[in-house]
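Numbering (our numbering), first residue to last: -16 to 178.
Note that CB positions come from ideal geometry on N, CA and C, so glycine has one too.
In this text the structure is predicted, and so the values were computed from the model without any measurement.
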Amino acid sequence: MMIHRIEDRFRLTEQFLHKTLGNASCEILDIGARNRMSEYLLSKGFKVESTHEGIDFDMLNDELKTYEQKEVTTAFEVLEHLFDPMNFLNKIPTDKLILTVPLQLWFSKPYMHVPIKDGGHVAYGHFHEFVIEQLHMVLDKTGWKIIYDEKWKSAPRVPLGIRPMLRYFYPSVYAVYCEKTEPYQTGNYKITKPA
């Protein structure tokens, strides 16, 4: 699946949610401040509550328990910004998780942790860009079983240069739907797809 514009990304995410959750009626806790993605999902009928700004997910203690109980948690492009994604995954308050992460590409340097001034606070780039097996291991160790996954490619409509052209052939985003089990019991290395 190819992403050319942000709207394509929103559409793919909506389709992924429909494939994994069935319909838009379940209640979703979206990790991160409200943004264009959460606004888009709300406009499509999903019941989305975003976490408030300022939560330090690396130091997460019981902040997520303060949110009303939801059926599923989403974390779109969150794990790569965390120094310790395992701590975060251990504290997810629901039994279902949908997340997306950028994949490490051999022809492109990762967006490393360079401070970015954003609205008065300093944000950091990526501490991690995952290879698929690495994400499987992290999810396995924290007790998340992958039920369904997709790989998405992200490329400009008109590729100018070698790297933009390579993006047509190599996936750069990995989306997974997981359910909570016991750590080390998931068998994430054999992903099952819904029939």
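Please classify residue i as buried or exposed, where buried requires at least 16 neighbouring CB atoms within 10 angstroms.
{"i": "Ala158", "result": "buried"}
{"i": "Leu143", "result": "exposed"}
{"i": "Thr5", "result": "Here residue 5 turns out to be Gly, not Thr, going by the sequence shown. Under this definition Gly5 is an exposed residue."}
{"i": "Lys53", "result": "buried"}
{"i": "Glu63", "result": "buried"}
{"i": "Phe29", "result": "buried"}
{"i": "His1", "result": "exposed"}
{"i": "Ser183", "result": "Residue numbering for the chain in the displayed model covers -16 to 178; residue 183 lies beyond these limits and cannot be assessed."}
{"i": "Phe66", "result": "exposed"}
From this set, the options, which residue's C-alpha is nearest residue i's C-alpha?
{"i": "Leu86", "options": "Glu60, Phe113, Glu63 and Phe71", "result": "Phe113"}
{"i": "Met20", "options": "Met69, Phe71 and Thr57", "result": "Thr57"}
{"i": "Ile(-11)", "options": "Cys9, Trp135, Glu63 and Leu12", "result": "Trp135"}
{"i": "Glu162", "options": "Lys124, Asp78 and Leu65", "result": "Asp78"}
{"i": "Ile129", "options": "Tyr160, Pro154, Met120 and Ser155", "result": "Tyr160"}
{"i": "Thr164", "options": "Ile75, Asp(-9) and Phe59", "result": "Ile75"}
{"i": "Leu122", "options": "Asn73, Tyr23, Ser8 and Ser26", "result": "Asn73"}
Quick check on DSSP: helix, strand or coil for residue i?
{"i": "Val121", "result": "helix"}
{"i": "Glu165", "result": "coil"}
{"i": "Glu112", "result": "coil"}
Distance check for residue j and residue i, CA to CA, integer angstroms please.
{"i": "Ser33", "j": "Leu80", "result": "14 angstroms"}
{"i": "Arg17", "j": "Ile11", "result": "12 angstroms"}
{"i": "Val61", "j": "Gly126", "result": "18 angstroms"}
{"i": "Thr3", "j": "Phe(-7)", "result": "15 angstroms"}
Ordered list of beta strand (DSSP E) runs contained in the region -9 to 77, each at least 3 residues: Listed in chain order, they are 10 to 13, 30 to 33 and 55 to 59.
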